[in-house]
DNA sequence: TTCTCTCTGTGATTCAATTCACAGGCACTG
DNA sequence: CAGTGCCTGTGAATTGAATCACAGAGAGAA
């Protein structure tokens, strides 16, 4: 695998994949970098740079949709499905369980965790809810290396060491708290309060910058 | 207001604000840039650069917590509250309504929109649901300049022109589709599928990069 | 086949963001 | 009051990402 793809490029692969997925169900056999770019909201040369890292070559008609899709999937979707667990079955957690169920077949939500005894044992959007105490045991059993955190900010602080011990490799963190994990664990922060505040700031500012 | 604050700096102000908010309810009067930085997951010099744009000066004991908090609030929280509307009352939309209700008093969720007749008229987490047809009229009436989009990807495409006509200034877009809006409208994309795929990619990659 | 046109692939360049590194200042000490 | 040590504020240097711009290649036309 290519050693030097930037995080941003990987993110855009995901954008392209979604688009190509839709295209692959149409007649269209080829797509130009300029097209792909416009429809993803990036520039053409940026799209070409991103595609450079894949092993597909474009021709004078552009890129072959199927080939491109296969190449991106080869990067983003590993051969065997990856197990994902979710910690914190609140409103947001439940919404994400429903959102992700079946969306990406190579990413399977195998377990949810909470401390609320009322939730434990229930099956929520196809995913069983376990007590947080059993986190390590069940992550181990299900071979889950990715977790989604949807708990209140304070609750996250104590979780770091447990995630390390459980052998977690990547975290998708919706909690508004900084997680201090070694750099070998990838942390993807999704801070929706921050995003809304940014939007509000730029809405209030007269002189908009792009 | 300072003309040249980068988008990323604004985002980090939001992080700092959250932290200072918590600190302001403790004994601690001062905070060092290195502390603030470590607890927000950034470097000390970056934190100092971000604070430079505010009008507060730090001393040998660091920055005064209250003063700093006031300065950041002055930037992020305008004098009069801003009205926010949400379009798409699915699982995710409902979760966000509940998430944001009362969290930031200067950002008030004043209306939700959907096409499902069953939802229209209902009050969800304190927010009334209107038919999407009435979007422009109600945004006008409520003077909402910020919208949160939580609809399925395809549904977003047609929405662009309507948002422009309605005088929207900023969009928080959870839909996995590129919104083509003029640069005078700030678009903040939150693409959770992409985030999960990025996490999965880096989880699967042996040679982790930071 | 040859000519032309358009598109890709990619060095070189520009632009933005982060980090370095240190001068200057405040707080505490004796 | 001088001395010491740590902290901020910020030019300068560095790193990283996006853009430019053009050589080279394939497609279609005649």
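Residue numbers (my numbering), protein chains in the order written: chain B, 1 to 210; chain A, 1001 to 1210.
Virtual Cβ for every residue (Gly too), placed ideally from N, Cα, C.
Rounded separation between residue i and residue j - CA only
{"i": "residue 51 of chain B", "j": "residue 1135 of chain A", "result": "39 Å"}
{"i": "residue 164 of chain B", "j": "residue 189 of chain B", "result": "17 Å"}
{"i": "residue 1196 of chain A", "j": "residue 182 of chain B", "result": "19 Å"}
{"i": "residue 111 of chain B", "j": "residue 149 of chain B", "result": "12 Å"}
{"i": "residue 1010 of chain A", "j": "residue 27 of chain B", "result": "44 Å"}
{"i": "residue 209 of chain B", "j": "residue 200 of chain B", "result": "Reliability of the predicted coordinates at residue 209 of chain B is poor, the pLDDT of 40 falling under 50, and no value is obtained from them."}
{"i": "residue 1063 of chain A", "j": "residue 1073 of chain A", "result": "15 Å"}
{"i": "residue 126 of chain B", "j": "residue 101 of chain B", "result": "8 Å"}
{"i": "residue 191 of chain B", "j": "residue 1194 of chain A", "result": "14 Å"}
{"i": "residue 1168 of chain A", "j": "residue 1179 of chain A", "result": "13 Å"}
{"i": "residue 130 of chain B", "j": "residue 162 of chain B", "result": "16 Å"}
{"i": "residue 119 of chain B", "j": "residue 94 of chain B", "result": "11 Å"}
{"i": "residue 90 of chain B", "j": "residue 1092 of chain A", "result": "12 Å"}
{"i": "residue 1013 of chain A", "j": "residue 1044 of chain A", "result": "14 Å"}
{"i": "residue 1107 of chain A", "j": "residue 1099 of chain A", "result": "12 Å"}
{"i": "residue 71 of chain B", "j": "residue 15 of chain B", "result": "14 Å"}
{"i": "residue 137 of chain B", "j": "residue 114 of chain B", "result": "14 Å"}
{"i": "residue 1185 of chain A", "j": "residue 5 of chain B", "result": "31 Å"}
{"i": "residue 25 of chain B", "j": "residue 121 of chain B", "result": "40 Å"}
{"i": "residue 128 of chain B", "j": "residue 159 of chain B", "result": "20 Å"}
{"i": "residue 205 of chain B", "j": "residue 1155 of chain A", "result": "29 Å"}
{"i": "residue 141 of chain B", "j": "residue 42 of chain B", "result": "41 Å"}
{"i": "residue 1157 of chain A", "j": "residue 49 of chain B", "result": "27 Å"}
{"i": "residue 1103 of chain A", "j": "residue 1067 of chain A", "result": "22 Å"}
{"i": "residue 1174 of chain A", "j": "residue 1187 of chain A", "result": "11 Å"}
CB of residue i within 8 Å of CB of residue j, strictly
{"i": "residue 1076 of chain A", "j": "residue 1039 of chain A", "result": "no"}
{"i": "residue 1020 of chain A", "j": "residue 1097 of chain A", "result": "no"}
{"i": "residue 105 of chain B", "j": "residue 81 of chain B", "result": "yes"}
{"i": "residue 1084 of chain A", "j": "residue 1146 of chain A", "result": "yes"}
{"i": "residue 132 of chain B", "j": "residue 166 of chain B", "result": "no"}
{"i": "residue 1047 of chain A", "j": "residue 1036 of chain A", "result": "yes"}
{"i": "residue 1203 of chain A", "j": "residue 170 of chain B", "result": "yes"}
{"i": "residue 1087 of chain A", "j": "residue 1172 of chain A", "result": "no"}
{"i": "residue 1117 of chain A", "j": "residue 1153 of chain A", "result": "no"}
{"i": "residue 23 of chain B", "j": "residue 65 of chain B", "result": "yes"}
{"i": "residue 198 of chain B", "j": "residue 1007 of chain A", "result": "yes"}
Residues bridged to residue i [DSSP beta-bridge criterion]
{"i": "residue 1125 of chain A", "result": "Paired residue(s): none; residue 1125 of chain A is not in a bridge."}
{"i": "residue 1073 of chain A", "result": "DSSP, once it has assigned bridges, lists no residue as partnering residue 1073 of chain A."}
{"i": "residue 131 of chain B", "result": "B:114"}
{"i": "residue 1063 of chain A", "result": "A:1031"}
{"i": "residue 188 of chain B", "result": "B:172"}
{"i": "residue 164 of chain B", "result": "Answer is none; residue 164 of chain B lacks a bridge partner."}
{"i": "residue 1204 of chain A", "result": "According to DSSP, residue 1204 of chain A bridges with nothing at all."}
{"i": "residue 148 of chain B", "result": "B:86, B:172"}
{"i": "residue 1107 of chain A", "result": "A:1082"}
Task: Residues, ordered as in the chain, of the region 1020-1043 of chain A that lie near chain B by beta-carbon distance below 7 Å - done: Residues 1039, 1040, 1041.
TODO: Name, going along the chain, the residues of the region 1107-1136 of chain A whose beta-carbon falls closer than 8 Å to a beta-carbon of chain B.
DONE: Taking 8 Å as the Cβ-Cβ cut-off against chain B, the residues of the region 1107-1136 of chain A that qualify are 1107.
TODO: Kindly confirm or deny that the region 23-32 of chain B and the region 58-73 of chain B touch, where touching means at least three C-beta pairs closer than 8 Å.
DONE: The region 23-32 of chain B is in contact with the region 58-73 of chain B.
Open item on the list: By the 9 Å beta-carbon criterion, what residues does the region 185-206 of chain B contribute toward chain A?
Closed with: Residues passing the 9 Å Cβ filter: 185, 186, 187, 188, 189, 190, 191, 192, 193, 194, 195, 196, 197, 198, 199, 200, 201, 202, 203, 204, 205, 206.
TODO: Select from the region 141-163 of chain B all residues with a C-beta closer than 7 Å to any C-beta belonging to chain A, and list them in chain order.
DONE: Answer in chain order: 145, 146.
Task: Within 9 Å of chain A by C-beta, residues of the region 164-177 of chain B in sequence order - done: When CB distances to chain A are screened at a threshold of 9 Å, the residues of the region 164-177 of chain B falling below it are 168, 169, 170, 171, 172, 174, 176, 177, in chain order.
- [ ] Closer than 8 Å, Cβ to Cβ, to anything on chain B: give me those residues from the region 1091-1108 of chain A, in chain order.
- [x] From the region 1091-1108 of chain A, only 1091, 1092, 1094, 1095, 1096, 1098, 1099, 1100, 1103, 1104, 1106, 1107 have a Cβ closer than 8 Å to chain B.
TODO: With 9 Å as the C-beta to C-beta threshold (strictly closer), list the residues of the region 1056-1080 of chain A near chain B in chain order.
DONE: Flagged, chain order: 1075, 1076, 1077, 1078.
Task: chain B contacts made by the region 1007-1020 of chain A, where a contact means CB separation under 9 Å - done: Flagged, chain order: 1007, 1010, 1011, 1012, 1013, 1014, 1015, 1017, 1018, 1019.
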